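Residue numbers (full-length UniProt numbering): 1 to 569.
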Amino acid sequence: MALTDYLVTDDLTIILGLVSAGLFLLHNLYKPQSLVHPILLGRQSDVARVRNAGESALYRNYGTGMLGRFPARPNKEQQVLLDLVRPDQDAPRTLWSTKITNPQLRQRVANLGAGLLKVAGLEPEESNVLLLLNDGIEFLITDLALASHSIPSFTLATLQVLSPVLESHPPSAIVVQADFLPQLLELIHDSNEGTHHTVIVVGEVDVKKYTRGFGAFKLLKWDDVERQGAKEAVEPRTPGPLDVFTVSFFPGPSGEVSAVSLTHENLTAGVASARALLPLSGAISPLDTLVSGHSLSTAFGRAVAYTAIFEGTNFATLKSSKLIGNEAAPNLADLKTADTYPIPSPTIVFGKPTHLTSLSSAILDEAKRSSFLYMFAWRHKFSSVLDGFITKQSLWDRLVFDSARAAVMGKGAGTVRAVIASGGPLEASAITPARIALSIPVVNSYIHPAVTGPIFASHPLDLQTFPSIPPVQTASAAENYSFTYDGAVGPPTVNIEAKLLGVNDPAVEGGSDPVGSLQVRGPSVGKLLYVDESEAEEERGWVDTGDRARVLTNGTFKIAPREAIATKQ
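Pasting the structure below:
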């Protein structure tokens, strides 16, 4: 019998066959493609060809390369801090609660600078000023005014280091928040340093009351200093990019006071690094509104703020970033404190890992509670993430997740387009749920008090998920916990090079992942104080972060923070 005798077809069979073929083609044609080619994600660090014994090779961002120059400023015109306030940008934007243009901001900086010299009696290159301020436009104007007149400022990451700083580094003047003035005067009185201080108060204060109660010292109002300075202009000095403009104090690994001096170039390099966190297709623009959970009293928080200044965006900080009166936890309620400012809805959030996890958990809980389609939506969104693709425009977003985001985030559900998490470990198991809940680029980054910009940052469109990696035999249990359960923080950023000390040479030669103490250097890395000069010269600019790191096969890093190691031991 012929073959055709066995193939009996009718119209229904033909129709079903055509439908099946059509569905197959549609599935393949409309299957989302990965947003980033896998080859680019397979080698994210450029690795030096040689290494010293006991050390890993040098690692740089693959986009910079071993022979590339580190970007030390966002543009060639930005040499010092005040250059970040570009006079050619005259569009108004809102900084915290103040609507202001760049020319107006520069004028207020000039007025306050003149007042600090004439009224407060500060001397360029001789005086130094301690800033005890919460984030706000007063902090920004004071910082720029001091830097433009070559008067170094002191900042504190936490009030825990205030007493040691006052004892070992008594400043020429202190700019303080009004509600912290009584506590400050008590400290000054107890240390018998009252005659050496000029105190400038931001906010309403009864000058006669405090000068009568606490003895002889100079007490001025910040507004009066700015007003008096506006009457007679003073030509600002021209600092150099390598001049120190601030010293940042922070708790060390053993509870001691550590400090880092930062130059103008350190800060402009931090701005260049922060701008590179997002792809060029979604770069920061004047249409954005940046919200930060990092205090301006820290190196990274300052870099984020000056990134907003340089780009001409609206900017505000969260309640948890306060130096004084900080009782807010970095969670969902803290994120909503941005709504108290008269700024447009945020578009880019520089938050803590707990901000991200609390936000994504709330969205997923709301979606699960409000829609019976949640499990179907989760399955399809998860499948897209595994394929390297994510979007807010899918059918499942419209049916399930859009309403959940709106219920949790309000107006931010339609405006937030990127979240950068830094300032602590982010568990790997929380990253994919966050991407599904928000459906926007999520960047996991690693920062350090001595570095203005991020040290490592994951690619915003790297949606890869990996199985648990095997433990390192020579590492402690606490380190292996971080290496196993915490998410990768990506490769070095565009102006950082990193290496590990104390690696196991035989293991590395055998193909194992390098594990060791993390050291970094680059234009965004400040100079640690209290370090022996000969030792610093021998290190050639390398700064020990105090954390342990593991380099994965694709050139991304995992960090075991010293705090986490100490907690788990």
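Cβ coordinates follow ideal geometry from the N, Cα and C atoms, glycine included.
Bear in mind the structure is a predicted one, so any value in this text is a computation, not a measurement.
Where residue i sits in the DSSP three-state scheme
i: residue 302; result: helix
i: residue 366; result: helix
i: residue 481; result: helix
i: residue 337; result: helix
i: residue 245; result: strand
i: residue 67; result: coil
i: residue 17; result: helix
i: residue 296; result: coil
i: residue 316; result: strand
i: residue 118; result: helix
i: residue 432; result: helix
i: residue 282; result: helix
i: residue 456; result: strand
i: residue 252; result: coil
i: residue 194; result: For residue 194, the predicted structure reports a pLDDT of 49, less than 50, and the residue's modelled location is therefore unreliable. A value from the coordinates is still provided. Helix, per DSSP.
i: residue 572; result: Absent from the model: residue 572. The displayed extent of the chain is 1 to 569, so no value can be given.
i: residue 177; result: strand
i: residue 102; result: helix
i: residue 226; result: helix
i: residue 347; result: coil
i: residue 307; result: helix
i: residue 269; result: helix
i: residue 156; result: strand
i: residue 200; result: strand
i: residue 77; result: coil
i: residue 377; result: helix
i: residue 232; result: coil
i: residue 208; result: helix
i: residue 354; result: helix
i: residue 257; result: strand
i: residue 604; result: Within the shown structure, residues of the chain are numbered from 1 to 569, placing residue 604 beyond reach of any answer.
i: residue 571; result: Residue numbering for the chain in the displayed model covers 1 to 569; residue 571 lies beyond these limits and cannot be assessed.
i: residue 83; result: helix
Proximity to residue i [Cα-Cα], best of the options
i: residue 337; options: 369, 292, 480 and 297; result: 292
i: residue 582; options: 231, 560, 317 and 500; result: In the structure displayed, the chain extends from 1 to 569; residue 582 sits before or after that span and is not available.
i: residue 560; options: 470, 400, 311 and 476; result: 476
i: residue 364; options: 420, 395, 383 and 404; result: 404
i: residue 421; options: 262, 348, 374 and 266; result: 348
i: residue 551; options: 505, 522, 500 and 247; result: 500
i: residue 372; options: 352, 396, 361 and 358; result: 396
i: residue 496; options: 462, 64 and 12; result: 64
i: residue 507; options: 50, 472, 38 and 166; result: 472
i: residue 313; options: 272, 205, 290 and 514; result: 290
i: residue 163; options: 145, 562 and 130; result: 130
i: residue 256; options: 184, 168, 185 and 232; result: 168
i: residue 519; options: 25, 509 and 503; result: 503
i: residue 584; options: 513, 526 and 548; result: Not covered by the structure: residue 584. The range shown for the chain is 1 to 569.
i: residue 112; options: 143, 91 and 89; result: 143
i: residue 309; options: 418, 114 and 94; result: 94
i: residue 450; options: 524, 468 and 202; result: 524
i: residue 246; options: 206, 81, 204 and 480; result: 81
i: residue 97; options: 136, 87 and 76; result: 136
i: residue 202; options: 54, 139, 505 and 152; result: 139
i: residue 236; options: 123, 43, 12 and 478; result: 123
i: residue 646; options: 330, 259, 243 and 204; result: In this structure the chain extends from 1 to 569, so residue 646 is not present and cannot be described.
i: residue 173; options: 134, 127 and 277; result: 127
i: residue 325; options: 99, 134, 494 and 522; result: 134
i: residue 92; options: 56, 229, 208 and 288; result: 288
i: residue 479; options: 546, 10 and 269; result: 546
i: residue 345; options: 26, 528 and 415; result: 415
Presumed contact (8 Å Cβ cut-off) between residue i and residue j, rounded CB distance
i: residue 445; j: residue 489; result: 6 Å
i: residue 579; j: residue 284; result: Here the chain comprises residues numbered 1 to 569, so residue 579 is not present and cannot be evaluated.
i: residue 303; j: residue 452; result: 4 Å
i: residue 145; j: residue 109; result: 5 Å
i: residue 428; j: residue 399; result: That belief does not hold up - the Cβ atoms of residue 428 and residue 399 are roughly 28 Å apart, past 8 Å.
i: residue 273; j: residue 454; result: 6 Å
i: residue 115; j: residue 252; result: Their Cβ separation, rounded to whole angstroms, is 36 Å, which puts residue 115 and residue 252 out of contact at 8 Å.
Beta carbon proximity, residue i to chain D, threshold 8 Å
i: residue 333; result: Checking the listed chains, one finds no chain D in this structure; it contains a single protein chain.
Checklist entry - Are there three or more Cβ pairs, one per stretch, closer than 8 Å when the stretch 104–121 is compared with the stretch 219–226? => result Contact between the stretch 104–121 and the stretch 219–226 is present, because at least three Cβ pairs lie under 8 Å.
Inset, instruction - For the stretch 382–426, list the alpha helix (DSSP H) runs that are entirely contained and at least 4 residues long, ordered along the chain. - result: The alpha helix (DSSP H) runs of length 4 or more contained entirely in the stretch 382–426 are, from start to end of the chain, 402–409 and 412–415.
Under 8 Å, with one C-beta from each stretch per pair, do the stretch 141–160 and the stretch 296–309 reach the 3-pair mark? Taking 8 Å as the limit for Cβ pairs, the verdict is that the stretch 296–309 does touch the stretch 141–160.
| task | Jot down the residue ranges of each uninterrupted alpha helix (DSSP H) in the stretch 33–63, minimum 4 residues, whole runs only, in chain order. | result | Segments of the alpha helix (DSSP H) lying fully in the stretch 33–63: 38–42.
Inset, instruction - Run through the stretch 502–562 for me and flag every whole alpha helix (DSSP H) of 4 or more residues, listed as ranges in chain order. - result: Entirely contained in the stretch 502–562, the alpha helix (DSSP H) runs reaching 4 residues are, in chain order, 505–509 and 533–539.
Using a Cβ distance threshold of 8 Å, determine whether the stretch 272–289 contacts the stretch 351–362, with at least three qualifying pairs required. The stretch 272–289 vs the stretch 351–362: no contact.
Practice prompt. Scan the stretch 110–154 and note each continuous alpha helix (DSSP H) run of 4 residues or more that stays entirely inside, going in chain order.
Written response: Within the stretch 110–154, the complete alpha helix (DSSP H) runs of at least 4 residues fall at 137–148.
Given 8 Å, three or more beta-carbon pairs between the stretch 426–439 and the stretch 384–403 | Contact annotation: the stretch 426–439 touches the stretch 384–403, with at least three C-beta pairs closer than 8 Å.
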